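Asks: So the number in this note's numbering is just where the residue sits in the sequence shown, counting from 1, plus 38. Below is a structure I'd like to ask you about.
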Amino acid sequence: MMKSLRRSAASILVTLLVGLPATRASDDGAVPWKAGAATVKITPERPLILLGYTDRNGPFDGVSDDISARALALEDAQGRRGVIVAADLVGFQAAIVTDVVAGRIAERTGVPRDRLIFNASHTHTGPVVSLDPNTTLNVAHPAMTLEVAEATITYTRRLQDQLVDLVGRAVADLRPARLSWATGRTNVPTSRRLPKPEGVVMLPNPNAPVDDAVPVLRVDSPEGEPRAVVFGCSCHAVAAGGQNAISADYPGYARAVIEAHRPGATALFLAGCGGDANPEPRGTIEQARTHGEALGREVCRVLDGPLAPVAGPLRVASAQVDLPLQVLSREQIQGYLNRPNFQAWQARHMLEVLDAGGRLPSHYAAPVAVWRFGDDLTLAALPGEPVAGYATLLREALGPDRLWVSGYNNDCFGYLPTAKVVAEGGHEAIGVTLWAWSRGLGPMVGFFEPRVQDVVVDAVRRLAAEAEGRR
Ligand SMILES: [Zn+2]
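Printed below as a string of structure tokens:
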């Protein structure tokens, strides 16, 4: 408070002396921001189970490339801060980043929970992250042992410490900066929803839509020296396939290309609406490199081209949004058991809950956030794994320009389907998975209702208006 009072007093003084409006200083885009970046290696020291494929035969047996978490801290001219954390993990469950981590970050840096975004790259060659011994033991992987479950929880606690320290270092690094942005295009994502007579199956479908946008935020010193690059791609990080060695997958290779192109910059990858998209072809670490380098080259092309300046202020709004789940009878759930996809697997879990005398939930509360960078850029941070349709829907709702739609933020509970995907069924219609158990909410499992789409789009629209109205 003292700081901002002093700052506004100083700007009034400058205005009186120079006779210019107080906003004049921010016209060139150089003055309004401060930015700081930090990186930490999060490769596990002990072998853990890698999440994403259940047919691996044990804990990881090697490291193709290290995984990391990166943070970008921003501060606008009014001293309001926001921090984006991007990590090579399958997902951030709310239980990992709310409460303890966010509370400790707020204590150390003054950045409150609603000004933190935790984005996971969704690499399937990253470790299981969990604080709940039961969930870890029972759900994650058939090869999970008590010993590995304990190592998982030790790793997760250490990860929490690392995240608190990472954000602290990024905030301590805040220095004057200039922000600009532009969007590129990529053909890394290919839809994996192929309609067959028996239903939608998970196979490449080049004819179905994907979100091919590559949003790029460039952060430079006032003199133009590289500080950070934030970039996005809407595609599963599964190019390395089911290999049992740690890798950041294609986002890591893309970051390496960008950091070599702009020495001194920290590159952050934000996963987008890639719930229903895979890189093709895929299955080897070489293919992860090929896709990553192609994406990295596109980001470099965008960085070298004309970018639009991004001014402040940084206004944010966020809410826990009740995402509606279908309320189904036992007979209706049984109807899913012969589906040719993971909906059958999910239905079995739902029946297990009923058999144990439990009740199935009618909604799942998930965090949705909108960050507005003045009038220049809006970042919609969706939770879960949004399918490509959300990028289209939100461009229709908020306007196609100056919009960055990201997914895999703050709570990864499973896929976030559109009404169309719910109606068609298939892998991305499996709803909330058992992972959400670790939030201590009991058996959280169920298929989303079609109207989940309207609930999400309305929430983003409302939050964007709310953020705009904030001073
Ligand atoms: Zn996924």
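Backbone N, C-alpha and C define an ideal beta-carbon position, used for all residues, glycine too. Quick caveat, the model's predicted, so the values are computed rather than measured.
Tell me where the beta strand (DSSP E) around P253 begins and ends.
Replies: From DSSP, the beta strand (DSSP E) with P253 extends over A251 to D258.
Asks: State buried or exposed for Q358, treating a residue as buried only when at least 16 other CB atoms are found within 10 Å of its CB.
Replies: With fewer than 16 other Cβ atoms within 10 Å, it is exposed.
Asks: When you measure from the CB of G313 to every non-hydrogen atom of ligand 1, does any distance come out below 7 Å?
Replies: Within the cutoff, so yes.
Asks: Can you have a look at S42 and say buried or exposed, based on whether 16 or more other CB atoms are within 10 angstroms of its CB?
Replies: Any reading at S42 must be qualified, since the residue scores a pLDDT of 38, below 50, and its modelled position is unreliable; no value is offered.
Asks: Within its chain, find whatever has a CB closer than 8 Å to the CB of S259; leave out the 5 residues flanking it on each side and keep chain order.
Replies: Contacts found: R213, P214, A215, R216 and R265.
Asks: What is the DSSP secondary structure of F98, reduced to helix, strand or coil?
Replies: Correct three-state label for F98: coil.
Asks: Any chance the region 113–125 sits against the region 150–161, with 3 or more Cβ pairs inside 8 Å?
Replies: Contact holds: three or more Cβ-Cβ distances are below 8 Å.
Asks: Return yes when the C-beta of E423 is under 7 Å from any heavy atom of ligand 2, and no when it is not.
Replies: Summarising the ligand content, the structure contains ligand 1 and does not contain ligand 2.
Asks: Under 7 Å Cβ to Cβ from V101, same chain only, skipping five residues before and after it: list those, please.
Replies: These residues qualify, in order along the chain: T81, A283 and I284.
Asks: Figure out for me which residue from G164, R230 and T471 has the closest Cα to the Cα of L363.
Replies: Nearest C-alpha to L363: T471.
Asks: Check this for me: beta carbons of R339 and G222, under 8 Å apart or not?
Replies: Yes, Cβ-Cβ distance for R339 and G222 is below 8 Å.
Asks: How big is the Cα-Cα spacing for L255 and G395?
Replies: C-alpha separation (whole angstroms): 50 Å.
Asks: Identify, in the order they occur along the chain, each residue of the same chain with its Cβ nearer than 8 Å to the Cβ of T304, setting aside the five sequence neighbours on each side.
Replies: So the qualifying residues of the chain are A75, A76, T77, R108, L110, R265, A266, V267 and E297.
Asks: Among V205, V295, E83 and R410, whose alpha-carbon lies nearest the alpha-carbon of E504?
Replies: With distances taken between Cα atoms, E504 lies closest to R410.
Asks: Would you report the Cα separation of V348 and R153, rounded to the nearest angstrom?
Replies: Their Cα atoms are separated by approximately 18 Å.
Asks: Roughly how many angstroms lie between the CA atoms of L169 and I105, to the nearest whole one?
Replies: Taking the straight line from one Cα to the other gives about 20 Å.
Asks: Among the candidates L420, A461, K458 and T322, whose CA atom is the shortest distance from the CA of F451?
Replies: Here the closest residue by C-alpha is L420.
Asks: Whole angstroms are fine: how far does the CA of D99 sit from the CA of V443?
Replies: For V443 and D99, the distance between alpha carbons rounds to 35 Å.
Asks: Can you name the residues that DSSP bridges to P317?
Replies: P317 is bridged to P227.
Asks: Pick out whichever of T161, P97, P244 and R146 has its Cα sitting closest to the Cα of M182.
Replies: With distances taken between Cα atoms, M182 lies closest to P97.
Asks: Per DSSP, which one or two residues make a beta bridge with Q360?
Replies: Reading off the sequence shown, one finds Asp at residue 360, where the question assumed Gln. Looking at the DSSP assignment, D360 forms a beta bridge with A403.
Asks: With three or more C-beta pairs closer than 8 Å as the rule, is the region 457–468 touching the region 319–330?
Replies: No, the region 319–330 does not touch the region 457–468.
Asks: Quick one: grab the DSSP three-state call for Y453.
Replies: The answer is strand: DSSP assigns Y453 an E or B state.
Asks: Considering only heavy atoms of ligand 1, does any lie closer than 7 Å to the CB of H160?
Replies: Yes; taking the cut-off as 7 Å, the Cβ of H160 has a heavy atom of ligand 1 nearer than that.
Asks: Checking contacts by CB at 8 Å: is H387 closer than that to chain B?
Replies: You won't find chain B in this structure, because it holds only one protein chain.
Asks: Can the beta-carbon of L361 be found closer than 8 Å to that of V490?
Replies: Taking 8 Å as the Cβ cut-off, L361 and V490 qualify as a contacting pair.
Asks: Give me whichever residues DSSP pairs with N157 in a beta bridge.
Replies: Its beta-bridge partners are A124 and N447.
Asks: Quick one: is E369 buried, meaning 16 or more other Cβ sit within 10 Å of its Cβ, or exposed?
Replies: E369 is exposed by the Cβ-count criterion.
Asks: Output the distance between the C-alpha atoms of G270 and G310, rounded to the nearest integer angstrom.
Replies: Near 6 Å, if we compare the C-alpha coordinates of G310 and G270.
Asks: If you count every other CB in all the chains shown that lies within 10 Å of the CB of A512, and 16 or more means buried, which is it?
Replies: No answer is possible for residue 512: it lies beyond the span of the chain, which begins at 39 and ends at 509.
Asks: Pick from R195, N243, V276 and D413: whose alpha carbon is nearest that of R440?
Replies: Answer by Cα proximity: D413.
Asks: DSSP three-state label for P150, please.
Replies: Looking at P150 - three-state DSSP - the assignment turns out to be coil, as it is neither helix nor strand.
Asks: Cβ of H329 within 7 Å of any heavy atom in ligand 1?
Replies: No, the beta carbon of H329 sits no closer than 7 Å to any heavy atom of ligand 1.
Asks: Taking only the alpha-carbon atoms, compute the straight-line gap between A189 and V138 and give it to the nearest angstrom.
Replies: Cα to Cα, A189 sits roughly 20 Å from V138.
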